[in-house]
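Only one structure is covered here, and it is reproduced in the block below.
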Amino acid sequence: MSVAILGTGNIGSDLLIKIGRSRYVECALFAGRSKDSKGIEMARQMGIETSHESIAAIERNPDRYDIVFDATSADSHAIHSPVLKKLDKCVIDMTPAHTGWTCIPALNISECADKKEINLVTCGGQATIPIALAIMRACPESEYIEVVTSIASKSAGPGTRSNIDEYVETTRDGILSFSGVKKAKAILNLNPAVPPINMHNTIYAEMTAEPDLKRVREKVHDMIKKIQAYVPGYHLKLEPLFEVDRLTVINEVVGLGDYLPKYAGNLDIMTCAAMAVAEEYARRNGRRD
Amino acid sequence: MREILLIDSTLRDGSHAKRHRFTEEEIRSYAAAAEQARVKVLVAGHGNGLGASTLQIGKSLVTDDRFLRITKTELKRTKLGVLIIPGLGSIKDDLEPALKIGAEVVFVTCHCTEADITQKYIQYTCRQGKEAIGVLMMTHMLDAQGLLTEALKMQEYGASGVLLMDSAGALLPKDVIERISLLVKGLKINVGFHAHNNLGMATANSLAAVEAGAHFIDATSRGFGAGAGNGSLELIAAVLQKSGFETGLDLYKLMDISDNITAKFTDKPPDVNGITITSGLAGVFSGFCPIVVKTAHKFDLDARDVLMELGRRKIVAGQEDYITQVAVELANKKQNEKM
Numbered sequence: 050m051s052v053a054i055l056g057t058g059n060i061g062s063d064l065l066i067k068i069g070r071s072r073y074v075e076c077a078l079f080a081g082r083s084k085d086s087k088g089i090e091m092a093r094q095m096g097i098e099t100s101h102e103s104i105a106a107i108e109r110n111p112d113r114y115d116i117v118f119d120a121t122s123a124d125s126h127a128i129h130s131p132v133l134k135k136l137d138k139c140v141i142d143m144t145p146a147h148t149g150w151t152c153i154p155a156l157n158i159s160e161c162a163d164k165k166e167i168n169l170v171t172c173g174g175q176a177t178i179p180i181a182l183a184i185m186r187a188c189p190e191s192e193y194i195e196v197v198t199s200i201a202s203k204s205a206g207p208g209t210r211s212n213i214d215e216y217v218e219t220t221r222d223g224i225l226s227f228s229g230v231k232k233a234k235a236i237l238n239l240n241p242a243v244p245p246i247n248m249h250n251t252i253y254a255e256m257t258a259e260p261d262l263k264r265v266r267e268k269v270h271d272m273i274k275k276i277q278a279y280v281p282g283y284h285l286k287l288e289p290l291f292e293v294d295r296l297t298v299i300n301e302v303v304g305l306g307d308y309l310p311k312y313a314g315n316l317d318i319m320t321c322a323a324m325a326v327a328e329e330y331a332r333r334n335g336r337r338d
Numbered sequence: 022m023r024e025i026l027l028i029d030s031t032l033r034d035g036s037h038a039k040r041h042r043f044t045e046e047e048i049r050s051y052a053a054a055a056e057q058a059r060v061k062v063l064v065a066g067h068g069n070g071l072g073a074s075t076l077q078i079g080k081s082l083v084t085d086d087r088f089l090r091i092t093k094t095e096l097k098r099t100k101l102g103v104l105i106i107p108g109l110g111s112i113k114d115d116l117e118p119a120l121k122i123g124a125e126v127v128f129v130t131c132h133c134t135e136a137d138i139t140q141k142y143i144q145y146t147c148r149q150g151k152e153a154i155g156v157l158m159m160t161h162m163l164d165a166q167g168l169l170t171e172a173l174k175m176q177e178y179g180a181s182g183v184l185l186m187d188s189a190g191a192l193l194p195k196d197v198i199e200r201i202s203l204l205v206k207g208l209k210i211n212v213g214f215h216a217h218n219n220l221g222m223a224t225a226n227s228l229a230a231v232e233a234g235a236h237f238i239d240a241t242s243r244g245f246g247a248g249a250g251n252g253s254l255e256l257i258a259a260v261l262q263k264s265g266f267e268t269g270l271d272l273y274k275l276m277d278i279s280d281n282i283t284a285k286f287t288d289k290p291p292d293v294n295g296i297t298i299t300s301g302l303a304g305v306f307s308g309f310c311p312i313v314v315k316t317a318h319k320f321d322l323d324a325r326d327v328l329m330e331l332g333r334r335k336i337v338a339g340q341e342d343y344i345t346q347v348a349v350e351l352a353n354k355k356q357n358e359k360m
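Residue numbers (our numbering), protein chains in the order written: chain A, 50 to 338; chain B, 22 to 360.
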């Protein structure tokens, strides 16, 4: 199937490389608003058609693309979304705009493959919500989940930075709707250390008594295996630990090192998830020649 | 005589020294007294600002909503200030309600290298007709030129001032002078300084900042704040008076507040000790100290080793979850060395 990428920043560029390896999808357009970004240059060298007219380039030749990845910003996506809906495209929204059907491949990929607009929550959401659900399955009595994500400053592009407010709210809403917990909170930290830190996620569940830790471990490890199927660098950093009033699980995401270096697991988990969705859609809806 | 604005953050940074357990009565009595002492801006709420009552940093006894309402009720001429860290608090959930309650000055705060995450928050505050001050934390981790670059962004977003926080109490007077004087020269807006006393430098650093041209100092009654505490409001007011600066505050009242109200907040007031000195040396956020002590004890480690390791890893404010991880890793290492 043929795809278009909107947004030539870090996320768009990383997607471009991943699509290059795919058996199911190929990139037919790489479009943004700048004429000569680093990503545009890379696409040209790969022999892929580029445009600086963003969504207008898709509107001109809508039949050429089956899937559109929107890797711009929440504000831009709000403008793109109705246009792409009218064109009846499968849209995978990488921004925290939170329109469309929310997908976390480890949890609901099969019910997402026939939806026309998919959003991927946030990087922190992809990394923590499955664990929140695993914990809630083992400890349904917990009433509060809190997740803390730390990412390397160098991995946070202008999109992430200007969307930090939406990030917090979108991630929180994702935890609530997928895990069923009553109350939730999401926190994002940027850390400028050199060498850069890997994406680091802590999931806390408030509880008054020590849970069945063996059962928690089973649920968490099962979930991690599911995530690793499409995010190879996802791994546990701290086994479920109970202290006084909380259960703590820590994981880390090391990226594949496609466009940004490996520390940018936050970018990689989003593009890996987007690829999982696109490939599932392509498999279900047939390859077009 | 140049007038220096002293901002009172006792009910904000002081929350750290109370493990975020200020009672409603303590909030009420302190706010009323601050008004009496002619404090111009009183900052209130959780130690890490709005929306920071969390497992990660510590849960407040009193909700943000309640905290701000009680404070606001006691204030007439004194402005209510709030602090918010983008990524920890959000505009809709936290800032908007705080402004509705009557917060007039918003300290939009980030790690010293990340000023661009404050843009939306500063612009939102200005659009609501309120005053925004940009705050750069952990300023020992960036040189003067780097800090100026970040502060210029905040100025462009609409901040009326930039406040440099020495969050780890790691700066010496010469470092403060270098940073403040460059910012004063390079910015059109006011420049402020917020000290921590980990290395015993809080008063000296605050005075150095003013002499280097700072327009305002952020401090707390009796130095009541995270780690070894902050610059003491009454002490700085006295020292500034002696140095020939105006503060417009009632010095006797500030002393009375310190002795009669703040002194009763806790049996264990902030002090300089081995832990806080190590935190200053390691450049670790002062608020980490009590959590590090507790965690180190649990894993049978020397808390100073944990602090030094956190410093080596350049862990910043808000990353409290690394404390447990580092402790587990150090404990495992110790175990392996024994075997």
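All C-beta atoms in this analysis are idealised placements derived from N, C-alpha and C, irrespective of residue type, glycine included.
Identify whether residue i lies in helix, strand or coil by the three-state DSSP scheme.
| i | result |
| --- | --- |
| A:V280 | coil |
| B:V347 | helix |
| B:K289 | coil |
| A:N240 | strand |
| A:Y261 | One point to set straight first is that residue 261 of chain A is Asp, not Tyr, in the sequence displayed. Residue state, collapsed to three classes: coil. |
| A:V326 | helix |
| A:L156 | helix |
| A:I184 | helix |
| B:P118 | helix |
| A:I318 | helix |
| A:R337 | Note on A:R337: pLDDT 48, under 50, position unreliable in the model; the coordinate value appears next. Coil, per DSSP. |
| B:L203 | helix |
| A:E98 | coil |
| A:N247 | coil |
| B:M159 | coil |
| A:D76 | With the sequence shown as reference, residue 76 of chain A is identified as Cys, and Asp is not the correct amino acid for it. Strand, per DSSP. |
| B:A361 | The question about residue 361 of chain B has no answer here: the residues shown for chain B are numbered 22 through 360. |
| B:L76 | coil |
| B:T299 | helix |
| B:L254 | helix |
| A:A162 | coil |
| A:C139 | strand |
| A:G223 | helix |
| B:P361 | As displayed, chain B neither begins before 22 nor continues past 360, which places residue 361 of chain B out of reach and without an answer. |
| B:I336 | coil |
| B:A55 | helix |
| A:D294 | coil |
Identify the contact partners of residue i in chain B, using a Cβ-Cβ distance below 8 Å as the criterion.
| i | result |
| --- | --- |
| A:P241 | H132, T134, E135, M162, K335 and V337 |
| A:R295 | L76 |
| A:L287 | T345, Q346 and V349 |
| A:E192 | Within chain B, no residue comes near A:E192; the closest Cβ sits about 12 Å away, beyond 8 Å. |
Strictly below 7 Å CB to CB, what residues from chain A border residue i?
| i | result |
| --- | --- |
| B:K141 | S211 and D214 |
List the residues of chain B that residue i touches, going by C-beta distances under 7 Å, in chain order.
| i | result |
| --- | --- |
| A:E255 | L76 |
| A:S199 | Q340 |
| A:S202 | T134 and E135 |
| A:K268 | What A:K268 touches in chain B: nothing, since even the nearest Cβ is about 20 Å away. |
Mind reading off the beta-carbon distance from residue i to residue j? Whole number of angstroms is fine, and I expect it under 8 Å.
| i | j | result |
| --- | --- | --- |
| B:V260 | B:L228 | 6 Å |
| A:D142 | A:I180 | Actually they are not in contact, since the Cβ atoms of A:D142 and A:I180 sit about 23 Å apart, beyond 8 Å. |
Mind checking residue i: buried by the 16 CB within 10 Å criterion, or exposed?
| i | result |
| --- | --- |
| A:G69 | exposed |
| A:R109 | exposed |
| A:R221 | buried |
| A:A80 | buried |
| B:S36 | buried |
| A:I128 | exposed |
| A:E90 | exposed |
At a CB-CB cut-off below 8 Å, which residues of chain A make contact with residue i?
| i | result |
| --- | --- |
| B:G108 | I213, Y216, V217, I236, L237, N238 and L239 |
| B:I432 | Given a span of 22 to 360 for chain B in the structure shown, any question on residue 432 of chain B remains unanswerable. |
Quick check: does the Cβ of residue i come within less than 7 Å of any heavy atom belonging to the ligand MG?
| i | result |
| --- | --- |
| B:H67 | In terms of ligand content, the structure shown is empty, and the ligand MG therefore cannot be addressed. |
Can you pull the chain B residues whose beta carbon is under 9 Å from the beta carbon of residue i, in chain order?
| i | result |
| --- | --- |
| A:E259 | Within chain B, no residue comes near A:E259; the closest Cβ sits about 14 Å away, beyond 9 Å. |
What in chain A is Cβ-close to residue i, meaning under 9 Å?
| i | result |
| --- | --- |
| B:I105 | Within chain A, no residue comes near B:I105; the closest Cβ sits about 10 Å away, beyond 9 Å. |
Inset, instruction - Pair every Cβ in the region 239–254 of chain B with every Cβ in the region 192–210 of chain B, then say whether three or more of these pairs are closer than 8 Å. - result: no
Inset, instruction - Answer yes if the region 255–266 of chain A comes into contact with the region 121–138 of chain A, meaning at least three C-beta pairs across the two stretches below 8 Å, and no otherwise. - result: Two segments are said to touch when three or more pairs of C-beta atoms, one from each, lie closer than 8 Å; by this definition the region 121–138 of chain A does not touch the region 255–266 of chain A.
Inset, instruction - For the region 139–148 of chain B and the region 167–185 of chain B, state whether three or more C-beta atom pairs, one from each stretch, are separated by less than 8 Å. - result: yes
Inset, instruction - For the region 96–107 of chain B and the region 60–80 of chain B, state whether three or more C-beta atom pairs, one from each stretch, are separated by less than 8 Å. - result: The region 96–107 of chain B is in contact with the region 60–80 of chain B.
Legend entry - At least 3 beta-carbon pairs within less than 8 Å: the region 180–198 of chain A vs the region 229–245 of chain A: yes
Inset, instruction - Count the C-beta pairs between the region 86–106 of chain A and the region 159–172 of chain A that are closer than 8 Å, then say yes if the count reaches three, no if not. - result: no
Legend entry - Three CB pairs or more closer than 8 Å across the region 303–313 of chain B and the region 88–96 of chain B: no
Legend entry - Touching by the beta-carbon criterion (3+ pairs, under 8 Å), the region 283–298 of chain B and the region 242–253 of chain B: Contact holds between the region 283–298 of chain B and the region 242–253 of chain B, because three or more Cβ pairs, one in each stretch, are under 8 Å apart.
Legend entry - Cβ pair count under 8 Å reaching 3, the region 196–216 of chain A against the region 289–299 of chain B: no
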